[in-house]
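One structure is given here, and the rest of the page talks about it.
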Amino acid sequence: MSSNSNSSPASSFSDKDDRDPNSDSNPEPETLAELETGPELEPNASPDLIDQSLDALENQLASISMSSRSPTALDDEEELQEEETEQSLEEPIIRNGSLSEEIGAEGSINEHVESNWKAESSGVIKESVSSVWRNTSEVDEVERPLSPGSSGYAGERGSTSGGDEINDDDEDNNEVREVQNDSVPGSHDQWVSGKRHPDEDDASVSWRKRKKHFFILSHSGKPIYSRYGDEHKLAGFSATLQAIISFVENGGDRVKLVRAGKHQVVFLVKGPIYLVCISCTEEPYESLKGQLELLYGQMILILTKSVNRCFERNPKFDMTSLLGGTDAVFSSLIHSLSWNPATFLHAYSCLPLAYATRQAAGAILQDVAGSGVLFALLMCKHKVISLVGAQKASLHPDDILLLSNFIMSSESFRTSESFSPICLPRYNPMAFLYAYVHYFDIDTYLILLTTSSDAFYHLKDSRIRIEDVLLKSNVLGEVQRSLIDGGMHIEDLLIDPTSRPGAMSSHLGQPRPGINSSGGVANGFVGVGGPAGLWHFIYRSIYLDQYVSSEFSSPINSLRQQKRLYRAYQRIYASMHDKGIGPHKTQFRRDENYVLLCWVTPDFELYATFDPLADKALAIKVCNRVCQWVKDVENEIFLLGASPFSW
Amino acid sequence: MGVASEKDASEAMKLCVFDLRRGQTEGQELDKILFFYPADLPLSTQLSVIGLSEGLVTFTRIFSPEAPCEVIEAERHSHVFYEAEPDIWMVMVVEKESEAIWRVDALRRVLKEVHTLFVMFHGSARALVDRDPSGGLVRTHLYYFIMDFLSAFEKRSPLEYCCWDFSIGTKLQLPNFRDSLKERGTLQMLTVGREAAIEVQSLVAVLESCAGDTLCYSLTMFQDLLVSTNLSPIDTVNLFTYAVLRLTPLALSHGASSWSHSRKADTACNTSTGALLLNSGPAAEQYYNSSDASPLLRHNYPLVRPLQHSKWSKGKDGFLTTDIWGRDVNSLVPTCPTIWLRQTEEKMYILAYQHRGLTVILLIPVSSVSGEQGIAMLKQQILENASLKMLKVEERLSRGWGGENAYHVSGYRYLLVDGDRYISRASPPGKVTTLTKDSLVALSKLREEVDSIKGRSVCDNSCHEKDLEISIRAKNNAWLIARLTRGKELYMVLEKSNETLLYASEAVEKFSERYCNGAFSLD
Numbered sequence: 001m002s003s004n005s006n007s008s009p010a011s012s013f014s015d016k017d018d019r020d021p022n023s024d025s026n027p028e029p030e031t032l033a034e035l036e037t038g039p040e041l042e043p044n045a046s047p048d049l050i051d052q053s054l055d056a057l058e059n060q061l062a063s064i065s066m067s068s069r070s071p072t073a074l075d076d077e078e079e080l081q082e083e084e085t086e087q088s089l090e091e092p093i094i095r096n097g098s099l100s101e102e103i104g105a106e107g108s109i110n111e112h113v114e115s116n117w118k119a120e121s122s123g124v125i126k127e128s129v130s131s132v133w134r135n136t137s138e139v140d141e142v143e144r145p146l147s148p149g150s151s152g153y154a155g156e157r158g159s160t161s162g163g164d165e166i167n168d169d170d171e172d173n174n175e176v177r178e179v180q181n182d183s184v185p186g187s188h189d190q191w192v193s194g195k196r197h198p199d200e201d202d203a204s205v206s207w208r209k210r211k212k213h214f215f216i217l218s219h220s221g222k223p224i225y226s227r228y229g230d231e232h233k234l235a236g237f238s239a240t241l242q243a244i245i246s247f248v249e250n251g252g253d254r255v256k257l258v259r260a261g262k263h264q265v266v267f268l269v270k271g272p273i274y275l276v277c278i279s280c281t282e283e284p285y286e287s288l289k290g291q292l293e294l295l296y297g298q299m300i301l302i303l304t305k306s307v308n309r310c311f312e313r314n315p316k317f318d319m320t321s322l323l324g325g326t327d328a329v330f331s332s333l334i335h336s337l338s339w340n341p342a343t344f345l346h347a348y349s350c351l352p353l354a355y356a357t358r359q360a361a362g363a364i365l366q367d368v369a370g371s372g373v374l375f376a377l378l379m380c381k382h383k384v385i386s387l388v389g390a391q392k393a394s395l396h397p398d399d400i401l402l403l404s405n406f407i408m409s410s411e412s413f414r415t416s417e418s419f420s421p422i423c424l425p426r427y428n429p430m431a432f433l434y435a436y437v438h439y440f441d442i443d444t445y446l447i448l449l450t451t452s453s454d455a456f457y458h459l460k461d462s463r464i465r466i467e468d469v470l471l472k473s474n475v476l477g478e479v480q481r482s483l484i485d486g487g488m489h490i491e492d493l494l495i496d497p498t499s500r501p502g503a504m505s506s507h508l509g510q511p512r513p514g515i516n517s518s519g520g521v522a523n524g525f526v527g528v529g530g531p532a533g534l535w536h537f538i539y540r541s542i543y544l545d546q547y548v549s550s551e552f553s554s555p556i557n558s559l560r561q562q563k564r565l566y567r568a569y570q571r572i573y574a575s576m577h578d579k580g581i582g583p584h585k586t587q588f589r590r591d592e593n594y595v596l597l598c599w600v601t602p603d604f605e606l607y608a609t610f611d612p613l614a615d616k617a618l619a620i621k622v623c624n625r626v627c628q629w630v631k632d633v634e635n636e637i638f639l640l641g642a643s644p645f646s647w
Numbered sequence: 001m002g003v004a005s006e007k008d009a010s011e012a013m014k015l016c017v018f019d020l021r022r023g024q025t026e027g028q029e030l031d032k033i034l035f036f037y038p039a040d041l042p043l044s045t046q047l048s049v050i051g052l053s054e055g056l057v058t059f060t061r062i063f064s065p066e067a068p069c070e071v072i073e074a075e076r077h078s079h080v081f082y083e084a085e086p087d088i089w090m091v092m093v094v095e096k097e098s099e100a101i102w103r104v105d106a107l108r109r110v111l112k113e114v115h116t117l118f119v120m121f122h123g124s125a126r127a128l129v130d131r132d133p134s135g136g137l138v139r140t141h142l143y144y145f146i147m148d149f150l151s152a153f154e155k156r157s158p159l160e161y162c163c164w165d166f167s168i169g170t171k172l173q174l175p176n177f178r179d180s181l182k183e184r185g186t187l188q189m190l191t192v193g194r195e196a197a198i199e200v201q202s203l204v205a206v207l208e209s210c211a212g213d214t215l216c217y218s219l220t221m222f223q224d225l226l227v228s229t230n231l232s233p234i235d236t237v238n239l240f241t242y243a244v245l246r247l248t249p250l251a252l253s254h255g256a257s258s259w260s261h262s263r264k265a266d267t268a269c270n271t272s273t274g275a276l277l278l279n280s281g282p283a284a285e286q287y288y289n290s291s292d293a294s295p296l297l298r299h300n301y302p303l304v305r306p307l308q309h310s311k312w313s314k315g316k317d318g319f320l321t322t323d324i325w326g327r328d329v330n331s332l333v334p335t336c337p338t339i340w341l342r343q344t345e346e347k348m349y350i351l352a353y354q355h356r357g358l359t360v361i362l363l364i365p366v367s368s369v370s371g372e373q374g375i376a377m378l379k380q381q382i383l384e385n386a387s388l389k390m391l392k393v394e395e396r397l398s399r400g401w402g403g404e405n406a407y408h409v410s411g412y413r414y415l416l417v418d419g420d421r422y423i424s425r426a427s428p429p430g431k432v433t434t435l436t437k438d439s440l441v442a443l444s445k446l447r448e449e450v451d452s453i454k455g456r457s458v459c460d461n462s463c464h465e466k467d468l469e470i471s472i473r474a475k476n477n478a479w480l481i482a483r484l485t486r487g488k489e490l491y492m493v494l495e496k497s498n499e500t501l502l503y504a505s506e507a508v509e510k511f512s513e514r515y516c517n518g519a520f521s522l523d
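These protein sequences, in sequence, are chains S and V. Under this note's numbering, the first residue of the first sequence is numbered 1, with each subsequent residue one higher. Under this note's numbering, the first residue of the second sequence is numbered 1, with each subsequent residue one higher.
Have a look at this one:
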């Protein structure tokens with residue numbers, strides 16, 4: 001900790017008073033050291049503890065960089081596209097079957113293999129693919145036939161539904177939706193993130209054609225992060241962005257948005273940090289701005305806002321080193337911006353569980369929360385199983401999103417129990433907390449947040465207690481079952497309860513009385529997909545700050561369709577929540593793809609998708625039934641106990 | 001000239017025209033500026049506006065080469081871009097404040113309108129640049145034209161029934177959210193009965209016969225509404241726009257009554273390099289480009305200011321006259337006005353005859369008439385053959401016309417646009433003002449959203465036209481409705497229908513059946 005030795009780490013970084021002053025072994029200095037001078041290690045830390053936490057940190061960084069290097073089929077596929085620079089990058093390229101299998105077979109391919117593979121296969125791919133996919137100008141709008149050779153990546157884990165993912169634009173072409181009907185739920189996290197196309201820069205045609213760029217730069221124009229391309233090579237471009245911002249600033253104004261054809265350039269200034277998104281994804285300005293806010297929040301989660309001081313001291317400060325190895329965190333966040341409704345709803349979702357099961361989990365978390373734990377979260381992938389906060393502390397849904405993204409995108413957390421400094425930007429952007437993270441199985445993990453930097457062993461003990469209880473009460477088993485069963489299936493609304501009493505008991509664990517009460521409606525249902533053409537819905541509870549999204553089902557089968565629907569929700573959300581005049585109360589929107597019905601009340605928001613030919617009166621009836629259904633099963637789909645301490 | 005007193009006006013709006021083919025060497029940047037409003041803004045400020053605009057055009061071309069910068073939204077200002085001709089850009093900078101909630105597309109239509117009108121009278125800006133590479137010629141023309149155009153935004157009280165009103169006092173009043181139920185650049189038609197239509201048709205036939213073998217065009221208006229025309233749609237819109245601005249009875253009466261105040265802004269000139277500065281006093285025809293410090297009059301081009309106020313009047317014979325185009329040196333008879341047709345690129349004389357509410361505009365190719373004499377003969381012919389018919393047509397039309405609220409549909413506030421035919425019809429402005437600000441702002445935002453959806457389908461070149469239905473129940477319980485179907489658009493605000501979505505849909509359905517031939521009905 002060279003540069004910071006003259007100031008006490010605790011005083012410079014923490015405004016918490018409950019920190020143990022005797023702790024000379026706290027991991028904070030490392031972070032400080034890292035902040036100031038890069039990842040240097042604290043020399044005088046007490047060996048045991050620091051080993052532990054340093055290992056964790058090191059592992060974390062190592063695995064981050066490893067995962068950033070580790071290829072996915074899609075990464076490769078994208079890079080292959082570069083070889084055809086005259087082609088639009090948005091144009092999909094179908095991998096050929098055998099190659100995909102090769103990848104699928106490879107559990108964790110290292111960089112070496114990747115490049116070999118790439119070298120060998122690129123020719124083949126170009127040949128086999130371009131004839132099929134060339135000359136399709138508007139990929140986003142055109143539904144593509146599935147290619148037999150396109151399921152390779154999916155085949156690896158049996159989770160995707162064909163060629164759709166590669167038809168998608170850069171940022172999410174390999175996404176696998178969590179709630180896909182024919183897939184392993186939650187499989188989106190098999191998406192391996194990391195830096196894409198590091199060899200590109202703003203002179204590359206391919207780079208210019210990427211659908212969605214994200215940049216973080218400093219107020220002096222130094223690049224900090226770029227989604228595509230090498231930051232250092234983008235210094236000139238970065239300076240241009242800075243020039244635009246400061247030019248407008250000099251005129252006494254602040255630039256928010258530049259629109260050019262389908263492209264939007266969105267600017268967000270956060271003190272010395274500038275964030276820019278350049279996108280032709282047709283997302284509304286408010287959505288893109290919200291995404292930049294999340295990106296900024298993710299950076300704060302890693303560094304805290306005290307990073308601003310570095311710029312106060314030296315405006316030309318180069319921040320890239322501080323974020324070294326965190327590419328995977330950002331790219332995984334960016335990925336989730338195109339599938340995770342939590343990113344625009346600002347609400348979190350829970351894993352559906354029987355009430356008693358969630359109660360059992362909550363009780364033990366509550367137990368440990370008293371003793372020095374600020375927040376205890378039990379999560380399954382990005383979904384909350386239970387969460388508990390000490391006294392009046394509350395956790396913002398965005399913090400949950402960013403924290404779980406950080407943990408899930410860092411490989412090291414999976415392999416060992418970790419103790420890592422993190423900052424919750426909505427809770428306190430200035431200070432680090434310490435996160436004890438432990439995975440119980442591949443999907444389920446525990447986060448214990450504390451303000452005390454030497455609480456590792458204490459939290460480890462707490463974890464052991466929690467694990468005991470979870471095992472005894474079979475919570476983890478229930479979690480796995482829930483993953484397989486999924487959440488709310490709209491088909492279940494169709495079931496006429498009088499004729500099929502046996503179907504009453506759903507995997508949600510309880511019969512649904514709501515179906516009985518409105519059985520008459522079911523008879524009138526017609527349409528494709530669900531009842532009266534219901535295709536999908538999202539229900540957001542205002543008080544709980546939680547949402548539930550139905551499982552995707554026919555005809556929203558492919559990732560392409562799911563993403564299009566996601567974008568449609570994003571748009572209608574933005575349209576309903578206009579800053580100046582919103583929120584509106586109801587919106588009915590029919591275009592060639594869907595009928596979207598949105599209903600905002602003080603208690604909840606409902607977003608429902610129907611067949612474009614759906615009848616209005618029936619659609620309204622179905623919406624009422626969906627609301628009733630949600631109320632009937634709210635014990636299982638929401639975390640109810642959280643509300644009193646939450647807000 | 002007090003800088004402080006100018007501040008309000010200059011803060012409120014800036015409008016510039018610049019040519020990216022000029023001034024590309026360092027130190028020559030001023031040469032890019034073809035027009036700047038307000039002209040007395042410091043050159044450094046002018047240059048910075050243009051610098052930013054040019055910078056962003058270049059920057060956005062990196063990602064969007066086909067469609068560079070269209071708008072910059074900043075916290076306090078919106079910069080609206082319009083590439084009027086290749087490399088000739090118009091940029092309007094407007095300030096955002098409580099009353100100034102702009103719809104970008106509406107502002108862009110103002111730019112578009114000023115440009116198409118300019119081209120109608122003067123030909124393309126590029127042609128003027130080519131004719132006088134120093135830029136003096138194009139600057140002079142642009143200056144007078146745009147200033148005259150903007151003064152229309154300056155002169156009337158907002159309560160008057162007129163959609164060309166951009167001004168309260170001296171402050172420019174551009175179309176804002178209160179104009180959400182209007183569509184600039186479209187025609188408003190008079191609905192006529194069958195018999196009236198036949199009479200109009202025969203009038204047109206008579207008029208055409210007056211012109212003999214020459215191919216001529218006509219445009220018949222009643223009050224500010226179009227009755228019939230055989231011009232191409234784009235030329236119709238241009239001429240219609242001009243007629244409503246300066247020729248119709250309403251425009252003439254406004255011209256007579258006002259035009260006295262509000263032109264102090266450009267009396268003062270701070271002369272500096274490259275800026276075009278003018279007096280608007282009697283000596284206003286004096287102008288110079290101080291970069292070469294030589295009066296451009298040496299070019300001997302007559303300066304025509306077609307948008308100048310109060311220059312049109314109705315002659316005894318019923319023809320509208322103006323000396324905007326100068327006078328014959330000998331007889332002092334005003335020169336007959338001319339315009340360029342977009343469609344045929346032909347130069348045409350305009351002959352406008354007016355009888356009460358009826359205005360008939362005849363366009364005759366300049367090439368086919370032997371000067372002012374020929375025009376006089378033609379006028380004579382028309383008076384002899386057609387004046388009686390015009391009397392009768394006027395009588396019939398005014399009998400059938402329901403007044404300015406003729407197209408009010410009670411309970412509805414609507415705008416109906418037929419994009420293919422450039423036609424729109426809307427609730428009368430007096431009725432629209434009964435809507436609350438909240439409803440109008442919400443509608444403006446909804447239209448902004450629809451504009452971007454439309455813009456996307458244009459980008460996609462998708463052959464199938466967008467089909468869209470949006471019904472929003474706003475916070476104030478008003479229903480806002482937007483419908484797009486087969487090139488037609490319907491926007492509606494239903495304020496008193498405190499009912500369900502089904503009720504709102506039914507209201508639209510009824511309206512569609514009764515007034516739109518079922519264009520927006522679902523089945």
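Glycine residues also receive a C-beta, built at the ideal position from the N, C-alpha and C atoms. Predicted model only: the values in this text are computed from it and were never measured.
field: Tyr37(V) beta carbon less than 8 Å from that of Leu150(V)
entry: yes
task: Look at His219(S) and Tyr274(S) and say whether their C-beta atoms are less than 8 Å apart.
output: Pairing His219(S) with Tyr274(S) gives a Cβ-Cβ distance under 8 Å.
task: Answer with yes or no whether the minimum CB distance from Val258(S) to chain V is below 8 Å.
output: yes
field: beta strand (DSSP E) segment containing Ser53(V), residue limits
entry: Premise fails: Ser53(V) lies in the alpha helix (DSSP H), 43-63, not in any beta strand (DSSP E).
task: Using DSSP bridges, identify the partner residues of Asp224(V).
output: Bridge partners of Asp224(V): none, in fact.
- prompt: Is the beta carbon of Pro425(S) less than 8 Å from the beta carbon of Ile300(S)?
  reply: yes
field: Neighbour flag for Glu282(S) against chain V, beta carbons, 8 Å
entry: Interface flag for Glu282(S) against chain V is set, since a Cβ pair is found closer than 8 Å.
message: Using a Cβ distance threshold of 8 Å, determine whether the region 332-350 of chain S contacts the region 544-556 of chain S, with at least three qualifying pairs required.
response: yes
task: Determine the contact status of Cys277(S) and Leu292(S), defining contact as a CB-CB distance below 8 Å.
output: yes
message: Alpha carbons only, please: which of Asp603(S), Glu592(S), Gln628(S) is nearest the one belonging to Asp611(S)?
response: Glu592(S)
- request: Starting from the C-beta of Val329(S), find all residues in its chain whose C-beta is less than 6 Å away, skip the five residues before and the five after it, and write them out in chain order.
  value: Phe406, Ser409, listed in sequence order.
query: Checking contacts by CB at 8 Å: is Ile62(V) closer than that to chain S?
result: yes
field: Closer than 7 Å at the beta carbon, the chain V residues around Gly580(S)
entry: Val441
query: Out of Ser404(S), Arg254(S), Tyr355(S), Ala376(S), which has the shortest C-alpha to C-alpha gap to Ser336(S)?
result: Ser404(S)
- prompt: Buried or exposed: Asp467(V), going by 16 or more other Cβ atoms within 10 Å of its Cβ?
  reply: exposed
task: Mark Glu384(V) as exposed unless 16 or more other C-beta atoms lie within 10 angstroms of its C-beta, in which case mark it buried.
output: Burial call: exposed.
message: Quick check on DSSP: helix, strand or coil for Ile216(S)?
response: strand
- request: Please report the residue range of the alpha helix (DSSP H) in which Ile472(V) lies.
  value: Per DSSP, Ile472(V) belongs to no alpha helix (DSSP H); it is in the beta strand (DSSP E), 468-473.
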